[in-house]
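If you're matching positions, the sequence shown starts at 0 in numbering that gives the first Met the number 0 and goes up one per residue.
Backbone N, C-alpha and C define an ideal beta-carbon position, used for all residues, glycine too.
Input: a single structure, listed below in structure tokens.
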Amino acid sequence: MYAQIVDLIAREVLDSRGTPTVEAEVWLDDG
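See the structure below:
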């Protein structure tokens, strides 16, 4: 059985060199 995504937050952040990158938080239905 696969876990389902119940919530997702993605944001653009700058890495140590100032390059834009993506950070994501994912919540699954199984915790």
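Item to complete: Measure the C-alpha to C-alpha separation of residue 1 and residue 9 and round it to an integer number of angstroms.
Response: About 22 Å.
Worksheet item: Taking just the CA atoms, how far does residue 13 sit from residue 5?
Response: Separation of residue 5 and residue 13 (C-alpha to C-alpha, rounded to the nearest whole angstrom) is 26 Å.
Practice prompt. Quick one: grab the DSSP three-state call for residue 18.
Written response: Here DSSP, grouped into helix, strand and coil, assigns residue 18 to coil.
Worksheet entry | Closest by C-alpha distance to residue 19, when choosing among 26, 25, 11 | It is 11 whose Cα lies nearest to the Cα of residue 19.
Worksheet item: Is residue 21 closer than 7 Å to residue 7 when the C-beta atoms are compared?
Response: No, they are not a contact pair.
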